[in-house]
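Asks:
Residue numbers (this note's numbering), protein chains in the order written: chain A, 21 to 440; chain B, 31 to 509.
What follows is the structure, encoded as structure tokens:
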């Protein structure tokens, strides 16, 4: 069986950053990246629009450019990687079974970093009635078919979902000569960034229909149209508001789900809210020596944050591979999401590693003028005000050394939100 | 084009394919005409996938006879054709005294139909054996010989085995005219092809009434009756291990909750008469009805687990029994129509019955070369690691995973194409690529690529299920 210090599963932005960071720290440079696609870079390869790297590189890059900066370093450092290789099993003992055209590989890792990313929710998952003709895509499928393979996927489209991906695809389709009839959003607000609403919809005159849903898809062989309707505050269809829109293409961009099928096989505890593993501030999962980062952990809106998080996971994975004893007798303080907060990551603070970290979280609704507080044993450790908070935008708070020094370790750390 | 056959079947659904395969047991020139580009494009691809025990149909009906006969031989057929079949048993659950009386009726009817092993089980037994079911259930009728299978895979398997044994099949052949020329029927397609045949068997499903009319045979009416379903993601632990029915009404067997042979959970169907025979749309109302009724039996059901919804159409005849008979006035024209539930269970028995009738009518000899066995495509997901290693050595494409949810390898897709898959749905039904929780999110572009490469046609010519179901509309640049 082949042996590595750190094996990273997934060669997207999270996996690349984690591998590079592990590699930097390790004396024995046995690091391996396993990627199921043909190329490293993950889904960034199909995101040819700009807007990546503003925080991390302080410049605006496209997805492939952003990925390339990391791929380059992987290649320069001669970090080992396998492409077109699919991991089919991980055990709690950190044995990996991977398969490719050459055969089946069994690999023993001292530490593993999970960086498998996420998948898209589908038309079926959100239970959209109607027929099942050709012409129904997820945004990611469309992106791959258009940007990488070079095909047009229709003439007239309706996009369901106004998160950043939906908005960006509205612009992308338009630039490809596909008429986007509307972007339909069930919520009363878009979860996309303001700048994307302006640059992707307003600049092209594409209507954004808030509080609307597709109530029926029409067409026998190819999509012939959709019926949309207004919804009330309970997201229920309002009678007699139905309207038919003729189109031959429907694009669903209705959310992402972390891909944790392998994590389950390794017996890792998952967080129902994030869909990803429960981790502590070392990004260690419930299985010792298995770490997680990127969209497999929780869905991010900026790749820059993925990189930062993955670097920490990679660093601790390397430390674990050299000094697993440091992770013995882990004692954790729970970090708990309360009023107004949907989830927090990490969900725990490891007492063996009381070091500053960034707490990332999402709120559970749209809020105007609210205060977010982090408290412990009834004492507010940190608070900040914000004029607008939306579930679509990930929030973060730095937990500094100063804050950590005030902690009462026998009590939970609580994150909550209050309207002003 | 003009070919001459002894027997021709119209319609490549499970009944048509069953008859076709059984006919190849005899030395006959046989053929099937199918209007779509693949088999199982109608009711055979969208139903409950249940092998019924036979306590539902009224005694003396064709439904009762073929259901019980079909159930008896189902395991053997699936064994020969390498198709999944699990005899998981079924429960009809009753919520009150009235429904318990119905269970008693079903039990007696089942006994009269010759169904073995039926028993009414107590509430305690139900909770012990199916602990996730509603605590409001008072009793249940247990049928140990009910089972689950894969209806479209069985149709594909019957098709492959029939072709292996010499049958012809002509796709995209939409029958529009039937004439008589001496001893032969001349069957014309919408695009001016025709074939000649001595015996013509009508297995046109929901369109069987129209075919019968074209042949100048008996006039009857098929009413399309739609049922809507949900498929749930593969759970870590199955919430039910048997097929759970509710007490039937005059509209049918009602909403069921069942495991599938692939490890998903299936719930449905409701029942509604519709106007359009092809209207396989789902509706909010229908889906809501199905979910609420299913939740009554299994309270833990969650919409979060839904991966897709679909609807299927039953071919309900106006006489409420299968129509299986040679026409009184048109000799050698046989209607096999109105095969609604328990049609899947009955299909293999109907196939045998018809093949025996037709072969004796034509004085056909036994085909001594008939081979009843067909092997399914080797599935990566189902093999042990040792077997996987061996397969990859032989076929490196077996190590290239295309569909990550269902672990479908490129080899499986290539094999499906070799065996006749031409469309995305054809690949999906034969291999499960695209049937998992991401519903083709990752593998659709790859499957398009493989189909285009293997069939040597441009990607823009690849369809979801034939005709105008194109996925890509225009090529913008060379890759």
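Don't be surprised by glycine CBs; every beta carbon is placed ideally from N, CA and C.
On the criterion of 16 or more Cβ atoms from any shown chain inside 10 Å, does residue 21(A) qualify as buried, or is it exposed?
Replies: exposed
Asks: Is residue 163(A) closer than 8 Å to residue 67(A) when the C-beta atoms are compared?
Replies: A contact, by the Cβ cut-off of 8 Å.
Asks: Output needed in chain order: residues of the region 319-343 of chain B with a Cβ under 8 Å from some Cβ in chain A.
Replies: 333, 336, 337, 338, 339 and 340
Asks: Who are the near neighbours of residue 244(B) in its chain, counting only those whose CB is closer than 6 Å to its CB and skipping five residues on each side?
Replies: Cβ neighbours of residue 244(B) beyond the five flanking positions: 208.
Asks: For residue 79(B) versus residue 339(B), is the C-beta spacing smaller than 8 Å?
Replies: no
Asks: Count the other CB atoms within 10 Å of the CB of residue 279(B); is the residue buried (16 or more) or exposed (fewer)?
Replies: exposed
Asks: With a floor of 3 residues, list each beta strand (DSSP E) that falls wholly inside the region 392-449 of chain B, ordered by position along the chain.
Replies: Whole beta strand (DSSP E) segments, 3+ residues: 431-433.
Asks: Could you name the residues of chain B that residue 86(A) contacts, counting a contact when the two beta carbons are closer than 9 Å?
Replies: By Cβ distance, chain B contributes nothing, its closest Cβ being about 21 Å from residue 86(A), past 9 Å.
Asks: Using CA atoms only, rank isn't needed, just tell me which of 411(B), 452(B) and 241(B) is closest to residue 435(B).
Replies: 411(B)
Asks: Under 8 Å between the Cβ atoms of residue 34(A) and residue 350(A)?
Replies: no
Asks: DSSP on residue 31(B), reduced to helix/strand/coil?
Replies: Caution applies to residue 31(B), whose pLDDT of 48 falls short of 50 and renders its modelled position unreliable; the value that the coordinates give is listed next. Three-state DSSP puts residue 31(B) in coil, outside helix and strand.
Asks: Residue range of the beta strand (DSSP E) that residue 128(A) falls in?
Replies: 123-134
Asks: Can you look up residue 381(A) in the DSSP assignment and give me helix, strand or coil?
Replies: Under the three-state reduction of DSSP, residue 381(A) is assigned to strand.
Asks: Could you work out which residue in 142(B), 67(B) and 229(B) is closest to residue 389(B) when comparing CA atoms only?
Replies: Per the Cα distances, 229(B).
Asks: Using DSSP's beta-bridge definition, name the partner residues of residue 152(B).
Replies: 169(B)
Asks: Hey, how far is the Cα of residue 427(A) from the Cα of residue 308(A)?
Replies: Cα to Cα, residue 427(A) sits roughly 25 Å from residue 308(A).
Asks: Tell me which residues of the region 153-176 of chain A have at least one Cβ-Cβ distance to chain B shorter than 7 Å, keeping chain order.
Replies: So the list reads 153, 154, 158, 160, 161, 164, 165, 169, 170, 171, 172, 173, 174 and 175, given in the order they occur along the chain.
Asks: Can you tell me which of the three DSSP states residue 337(B) falls into?
Replies: strand
Asks: Of all Cβ atoms in chain A, is any one closer than 8 Å to the Cβ of residue 308(B)?
Replies: yes
Asks: For residue 77(A), name the three-state secondary structure that DSSP assigns.
Replies: coil
Asks: Could you pull the start and end residues of the alpha helix (DSSP H) that residue 187(A) belongs to?
Replies: Boundaries of the alpha helix (DSSP H) around residue 187(A): 184-195.
Asks: If you follow the beta strand (DSSP E) that residue 249(A) is in, where does it begin and where does it stop?
Replies: 245-250
Asks: Step through the CB atoms of chain B and report whether any lies within less than 8 Å of the CB of residue 58(A).
Replies: no
Asks: Would you identify the three-state DSSP class for residue 177(A), choosing helix, strand or coil?
Replies: strand
Asks: Give me the Cα-Cα distance between residue 197(B) and residue 266(B), rounded to the nearest whole angstrom.
Replies: 43 Å
Asks: If you measure between the beta carbons of residue 395(B) and residue 86(B), is that distance less than 8 Å?
Replies: no
Asks: Using a C-beta to C-beta distance shorter than 7 Å, which residues of chain B count as neighbours of residue 144(A)?
Replies: 336, 337, 338, 339 and 469
Asks: I want to see whether chain B comes within less than 8 Å of residue 320(A), judged by CB atoms only; does it?
Replies: no
Asks: State the start and end residues of the unbroken alpha helix (DSSP H) segment that holds residue 48(B).
Replies: 44-53
Asks: Quick test of the definition: if touching needs 3 or more C-beta pairs under 8 Å, does the region 415-431 of chain A touch the region 32-52 of chain B?
Replies: Taking one beta carbon from each stretch, the region 415-431 of chain A and the region 32-52 of chain B have fewer than 3 pairs nearer than 8 Å; the two do not touch.
Asks: If you follow the alpha helix (DSSP H) that residue 461(B) is part of, which residue opens it and which one closes it?
Replies: 454-461
Asks: By DSSP, does residue 109(B) sit in helix, in strand, or in coil?
Replies: Of the three classes helix, strand and coil, the one that applies to residue 109(B) here is helix, per DSSP.
Asks: Spatial neighbours of residue 150(A) within its chain, please: C-beta separation below 7 Å, excluding the five flanking residues on both sides.
Replies: 236, 237 and 238
Asks: State the CB to CB distance for the pair residue 8(B) and residue 55(B), rounded to an integer number of angstroms; the pair is presumed to be in contact (CB under 8 Å).
Replies: Lying outside 31 to 509, the shown extent of chain B, residue 8(B) is not represented and no answer is given.
Asks: Using 8 Å as the Cβ pair cut-off and three pairs as the minimum, do the region 42-57 of chain B and the region 148-157 of chain B touch?
Replies: no
Asks: What residue range does the beta strand (DSSP E) around residue 220(A) cover?
Replies: Counting along the chain, residue 220(A) falls outside any beta strand (DSSP E), and DSSP gives it neither H nor E.
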